[in-house]
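Here the structure comes first, spelled out in structure tokens, and everything after it is commentary.
Protein chains: 2
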Amino acid sequence: MKARIIITPKKAVFDPQGKTVQNTLEHFGHQGISAVHVGKFLEVEISGEEDIEAVRARMDEACRRFLTNPVIEDYTLDIIPS
Amino acid sequence: MKARIIITPKKAVFDPQGKTVQNTLEHFGHQGISAVHVGKFLEVEISGEEDIEAVRARMDEACRRFLTNPVIEDYTLDIIPS
Numbered sequence: 002m003k004a005r006i007i008i009t010p011k012k013a014v015f016d017p018q019g020k021t022v023q024n025t026l027e028h029f030g031h032q033g034i035s036a037v038h039v040g041k042f043l044e045v046e047i048s049g050e051e052d053i054e055a056v057r058a059r060m061d062e063a064c065r066r067f068l069t070n071p072v073i074e075d076y077t078l079d080i081i082p083s
Numbered sequence: 002m003k004a005r006i007i008i009t010p011k012k013a014v015f016d017p018q019g020k021t022v023q024n025t026l027e028h029f030g031h032q033g034i035s036a037v038h039v040g041k042f043l044e045v046e047i048s049g050e051e052d053i054e055a056v057r058a059r060m061d062e063a064c065r066r067f068l069t070n071p072v073i074e075d076y077t078l079d080i081i082p083s
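In structure tokens form, the structure reads like this:
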């Protein structure tokens, strides 16, 4: 089973990486780019038989405790059964 | 419309960030973690009326030309209509 976590800066937090990517896209001629957000992607492969909801609960706790910074980041967690 | 791009190191490329996250999860008591892959996430907001396939083609070209390093990274591109 896999847990896929996408971590992005909260919309109110200044995102200099996103701004840099936006400028680069514009420099290369891409028009109509209104915003770019840059975040992190984590894929955790979990082996062994386990209940999806139990995996979701413990990965969610890991996200809140140490994988993300909830003050400045949002995350989405998806569990993909194998 | 939004383009969501997930960039991950190719499986054959050593992923020290992934190994660090795996060790941290194990340190906090998570068992059965067989691998962790750490990558980047980009969300590009595109305004103006445009054809989905045209947006996909130009974002795909941007991914290949400068948003990713195709030697060591893989990417997935999804276009989400607004």
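Note that the protein sequences, when read in sequence, are chains A and B. Under the working numbering, read the first sequence as residues 2 to 83, first letter to last. Under the working numbering, read the second sequence as residues 2 to 83, first letter to last. Just so you know, even glycine gets a beta-carbon here, dropped at the ideal spot from N, CA and C.
Chain B contact residues for residue i, given Cβ-Cβ distances below 7 Å
{"i": "serine 48 of chain A", "result": "Gly33 and Ser35"}
Cross-chain neighbours of residue i in chain A, by beta carbon under 9 Å
{"i": "alanine 9 of chain B", "result": "In the sequence as displayed, the identity of residue 9 of chain B is threonine instead of alanine. Here the neighbours are Phe42 and Glu44."}
{"i": "alanine 63 of chain B", "result": "Thr25, Leu26, Phe29 and His31"}
{"i": "arginine 57 of chain B", "result": "Correct list: empty, because the minimum Cβ distance to chain A is about 13 Å."}
Contact list for residue i against chain A, beta-carbon separation under 7 Å
{"i": "valine 72 of chain B", "result": "Within chain A, no residue comes near valine 72 of chain B; the closest Cβ sits about 19 Å away, beyond 7 Å."}
Element boundaries [alpha helix (DSSP H), containing residue i]
{"i": "lysine 20 of chain B", "result": "17-28"}
{"i": "isoleucine 53 of chain B", "result": "53-63"}
Under 8 Å from the C-beta of residue i: neighbouring residues of chain B
{"i": "phenylalanine 67 of chain A", "result": "Thr25 and Phe29"}
{"i": "valine 14 of chain A", "result": "Per Cβ cutoff of 8 Å: no residues; valine 14 of chain A is ~14 Å from chain B at best."}
For residue i, the first and last residue of its enclosing beta strand (DSSP E)
{"i": "alanine 13 of chain B", "result": "Neither: alanine 13 of chain B is in no beta strand (DSSP E) and is coded neither H nor E."}
Bridge-paired residues (DSSP) for residue i
{"i": "arginine 5 of chain B", "result": "B:Glu44 and B:Asp79"}
{"i": "histidine 38 of chain B", "result": "A:Glu44"}
Option in the options with minimal Cα separation from residue i
{"i": "aspartate 61 of chain A", "options": "A:His31, A:Val45 and A:Gly30", "result": "A:Val45"}
{"i": "lysine 12 of chain B", "options": "B:Ile47, B:Ser48 and B:Val72", "result": "B:Val72"}
The region 13-24 of chain A in contact with the region 35-43 of chain A per 3-pair CB rule at 8 Å: yes
The region 66-83 of chain B contacting the region 2-15 of chain B, beta-carbon criterion three pairs below 8 Å: yes
Touch test, the region 22-37 of chain B against the region 51-69 of chain A, Cβ-Cβ under 8 Å, three pairs minimum: yes
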